[in-house]
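Enquirer: What follows is a structure written as structure tokens; I'll ask about it next.
There are 2 protein chains.
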Amino acid sequence: MTAANGRRTVGADAAGGDTVAAVVRQWRAVHPELDTGPMEVIGRINRCAALLQQAEDAPLRHAGLTRPEFDLLGALRRTGLELTPGELARETFSSGAAVTKRLKQLTERGLVERRGDARDRRVAHVRLTDTGRTLVDGILPEQLAYETTVLSGLETTDQRELATLLGALLLQLEGRLNTTRS
Amino acid sequence: MTAANGRRTVGADAAGGDTVAAVVRQWRAVHPELDTGPMEVIGRINRCAALLQQAEDAPLRHAGLTRPEFDLLGALRRTGLELTPGELARETFSSGAAVTKRLKQLTERGLVERRGDARDRRVAHVRLTDTGRTLVDGILPEQLAYETTVLSGLETTDQRELATLLGALLLQLEGRLNTTRS
DNA sequence: CCATTATCTTTTACGAGTAAAACACCTGCT
DNA sequence: AGCAGGTGTTTTACTCGTAAAAGATAATGG
Numbered sequence: 000m001t002a003a004n005g006r007r008t009v010g011a012d013a014a015g016g017d018t019v020a021a022v023v024r025q026w027r028a029v030h031p032e033l034d035t036g037p038m039e040v041i042g043r044i045n046r047c048a049a050l051l052q053q054a055e056d057a058p059l060r061h062a063g064l065t066r067p068e069f070d071l072l073g074a075l076r077r078t079g080l081e082l083t084p085g086e087l088a089r090e091t092f093s094s095g096a097a098v099t100k101r102l103k104q105l106t107e108r109g110l111v112e113r114r115g116d117a118r119d120r121r122v123a124h125v126r127l128t129d130t131g132r133t134l135v136d137g138i139l140p141e142q143l144a145y146e147t148t149v150l151s152g153l154e155t156t157d158q159r160e161l162a163t164l165l166g167a168l169l170l171q172l173e174g175r176l177n178t179t180r181s
Numbered sequence: 000m001t002a003a004n005g006r007r008t009v010g011a012d013a014a015g016g017d018t019v020a021a022v023v024r025q026w027r028a029v030h031p032e033l034d035t036g037p038m039e040v041i042g043r044i045n046r047c048a049a050l051l052q053q054a055e056d057a058p059l060r061h062a063g064l065t066r067p068e069f070d071l072l073g074a075l076r077r078t079g080l081e082l083t084p085g086e087l088a089r090e091t092f093s094s095g096a097a098v099t100k101r102l103k104q105l106t107e108r109g110l111v112e113r114r115g116d117a118r119d120r121r122v123a124h125v126r127l128t129d130t131g132r133t134l135v136d137g138i139l140p141e142q143l144a145y146e147t148t149v150l151s152g153l154e155t156t157d158q159r160e161l162a163t164l165l166g167a168l169l170l171q172l173e174g175r176l177n178t179t180r181s
């Protein structure tokens, strides 16, 4: 009872397939009456995200950045604008408090600068420094190249198909979750 | 310049599609020479995972459990065995330290019990209490029903196709990342 | 048989995110 | 003008995860 790698596993996952398939098999053996369809989608999305986050951040780590930090810098770079902390929070899907903390660190490292608004003194405007922009522009190609190799196990047509299906799902989720504030 | 919901956005995402598509369009405008293909897959996986985690845990929260806690209980339930902390860590893809902390809380709540090993006094064996098993068996159908509605925006055939593609990707990732310990 | 090394688990110190409150400032109404 | 309420940002208190070290025990090989 051993998986493809050397680690011993406890369950009925010897018979091939990914780890999520093994988990689903176990659940079906215990609760045959349940429809495990959703687990095969959601479980795999979560597991892929977890594995990708471990893997994909290698080029970032090399530059001393975390993914959330890079997302923040990237938002400034790809919009080409100065953004306020609130806008950065929306662009990076994180809380305002988290953005505040990240800005503090990125400012200390000289990657972004802040400037107060003349009219409305509550708001700040954040922009990339030259150093910050150079860093982003240097990392991005490496990051994309790395992601390309991570996905290289999948045919190009499958990658596109996957992107399309995920896009459709995402569209539903973003619509549903923004309206259904239960 | 407004997204489907009411929140103002800063970039060029008015033209429809999901938020990841909008981000990719911005990057392409700034760096037309880069192949943004991988972002459309990986970005969407990450974003889907983030949205699903907010949404999907509603039935769990209702039962006072976090997803990692439920994963731990679920591992015990679906294997039907007593598991050691180490095995639980592997089954739930988390660190040993995290498992230790969760076990402490779940034990205090009377959902799991521990028992020492007679032969090897380093290891502990953890099992569900009756309360714990009842809780898991009560939550699981709700959880699956909820996940079904979350995915209901996608045709059944598309869901299956998505599950298949994700399974193929996951198989690659799990193989690659377990061998390439860079 | 004892020392070294490996294994299993917990502890410690710390970093990072969150929700809620606090601040600071604007805006519109009377 | 002045205040009530709204908005943008930061602070506070807390939770949770992690890495690394510690602790305890087992296995191996001179």
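If you read the protein sequences in the order shown, they are chains A and B.
Quick note on numbering: numbering that gives the first Met the number 0 labels position 118 of the first sequence as 117, and the sequence is numbered without any gaps.
Quick note on numbering: numbering that gives the first Met the number 0 labels position 105 of the second sequence as 104, and the sequence is numbered without any gaps.
Cβ atoms here follow ideal geometry from the backbone N, Cα and C, with glycine treated the same way.
Of all the residues that make up the stretch 104-120 of chain A, which are near chain B by a beta-carbon distance shorter than 9 Å?
Expert: Flagged: no residues at all.
Enquirer: Spatial neighbours of residue 66 of chain B within its chain, please: CB distance less than 8 Å, with the 5 preceding and 5 following residues excluded, ordered by chain position.
Expert: Start at 1 with the first residue of the second sequence, and residue 66 of chain B comes out as number 67. Answer for residue 66 of chain B: 52, 55, 56, 59, listed in chain order.
Enquirer: How would you list, in chain order, the residues of chain A whose beta-carbon sits under 9 Å from the beta-carbon of residue 69 of chain B?
Expert: Within the second sequence, residue 69 of chain B is the residue found at index 70, counting from 1. Here the premise fails: no neighbours, minimum Cβ distance about 12 Å.
Enquirer: How long is the line joining the alpha carbons of residue 112 of chain B and residue 36 of chain A, rounded to whole angstroms?
Expert: As a first step, residue 112 of chain B is located in the second sequence; it is residue number 113 there, counting from the start. As a first step, residue 36 of chain A is located in the first sequence; it is residue number 37 there, counting from the start. Taking the straight line from one Cα to the other gives about 31 Å.
Enquirer: Given a cut-off of 9 Å, decide if residue 80 of chain A and residue 102 of chain A are closer than it, judged by their beta-carbon atoms.
Expert: Walking along the first sequence from the start, residue 102 of chain A turns up at place 103. Walking along the first sequence from the start, residue 80 of chain A turns up at place 81. Their beta carbons are not under 9 Å apart, which means residue 102 of chain A does not touch residue 80 of chain A by this criterion.
Enquirer: Compare the C-beta of residue 79 of chain A against all C-beta atoms of chain B and say whether one is closer than 9 Å.
Expert: Here residue 79 of chain A is taken as the residue at index 80 of the first sequence, counted from 1. So yes, residue 79 of chain A belongs to the interface.
Enquirer: Compute the Euclidean distance between the alpha carbons of residue 121 of chain A and residue 99 of chain A, then round it to the nearest angstrom.
Expert: Position 122 of the first sequence, counted from the first residue, corresponds to residue 121 of chain A. Position 100 of the first sequence, counted from the first residue, corresponds to residue 99 of chain A. Going by the C-alpha atoms only, they are around 14 Å apart.
Enquirer: Between which two residues does the beta strand (DSSP E) holding residue 124 of chain A run?
Expert: Locating residue 124 of chain A in the first sequence gives position 125, where the first residue counts as 1. Start and end: 123-127.
Enquirer: Short check: CB of residue 152 of chain A to CB of residue 164 of chain B, under 9 Å?
Expert: As a first step, residue 152 of chain A must be located in the first sequence, where it is residue number 153. As a first step, residue 164 of chain B must be located in the second sequence, where it is residue number 165. No, the Cβ-Cβ distance between residue 152 of chain A and residue 164 of chain B is not below 9 Å.
Enquirer: I want to verify the contact list: residues of chain A whose CB lies under 7 Å from the CB of residue 140 of chain B, in sequence order.
Expert: Translated into the one-based positions of the second sequence, residue 140 of chain B becomes position 141. What residue 140 of chain B touches in chain A: 33.
Enquirer: Could you give the C-beta distance for residue 73 of chain B and residue 85 of chain B, rounded to a whole number, given that I count them as a contact under 8 Å?
Expert: Working through the second sequence from its first residue, we reach residue 73 of chain B at position 74. Working through the second sequence from its first residue, we reach residue 85 of chain B at position 86. 17 Å between Cβ atoms; not a contact.
Enquirer: Mind checking if residue 22 of chain B is an interface residue toward chain A, Cβ cutoff 9 Å exclusive?
Expert: For the purposes of this step, residue 22 of chain B is taken as the residue at position 23 of the second sequence. Chain A contact via Cβ: present.
Enquirer: Taking only runs that begin and end inside the stretch 73-128 of chain A, name each unbroken beta strand (DSSP E) of 3 or more residues, in chain order.
Expert: Listed in chain order, the complete beta strand (DSSP E) runs (minimum 3 residues) inside the stretch 73-128 of chain A are 111-115, 123-127.
Enquirer: I'd like to know whether the C-beta atoms of residue 77 of chain B and residue 29 of chain A end up nearer to each other than 9 Å.
Expert: Along the second sequence, read from residue 1 onward, the residue named residue 77 of chain B stands at position 78. Along the first sequence, read from residue 1 onward, the residue named residue 29 of chain A stands at position 30. Against a cut-off of 9 Å, the Cβ pair of residue 29 of chain A and residue 77 of chain B comes out as a contact.
Enquirer: Since I believe residue 64 of chain B is in contact with residue 50 of chain A (beta carbons under 8 Å), could you give me their beta-carbon distance rounded to a whole number of angstroms?
Expert: Stepping through the first sequence from its first residue, residue 50 of chain A is reached at position 51. Stepping through the second sequence from its first residue, residue 64 of chain B is reached at position 65. 24 Å between Cβ atoms; not a contact.
Enquirer: Would you call residue 117 of chain A buried or exposed, if buried means 16 or more other Cβ atoms sit within 10 Å of its Cβ?
Expert: The sequence position of residue 117 of chain A within the first sequence is 118, counting from 1. The residue in question, residue 117 of chain A, is exposed, as its Cβ has fewer than 16 Cβ neighbours within 10 Å.
Enquirer: Name, please, each residue of chain A whose Cβ falls closer than 8 Å to the Cβ of residue 29 of chain B.
Expert: Residue mapping note: residue 29 of chain B aligns to position 30 of the second sequence, counting from 1. Here the neighbours are 76, 77, 79.
Enquirer: Which two residues bound the contiguous alpha helix (DSSP H) that contains residue 32 of chain B?
Expert: Stepping through the second sequence from its first residue, residue 32 of chain B is reached at position 33. Taken as a continuous stretch (DSSP letters only), residue 32 of chain B belongs to no alpha helix (DSSP H), as it is neither H nor E.
Enquirer: If you check the beta carbons only, do residue 160 of chain B and residue 160 of chain A fall under 9 Å apart?
Expert: The sequence position of residue 160 of chain B within the second sequence is 161, counting from 1. The sequence position of residue 160 of chain A within the first sequence is 161, counting from 1. The answer is yes: Cβ separation under 9 Å.
Enquirer: If you follow the alpha helix (DSSP H) that residue 57 of chain B is part of, which residue opens it and which one closes it?
Expert: Your numbering for residue 57 of chain B matches position 58 in the second sequence. First-last of the alpha helix (DSSP H) with residue 57 of chain B: 57-61.
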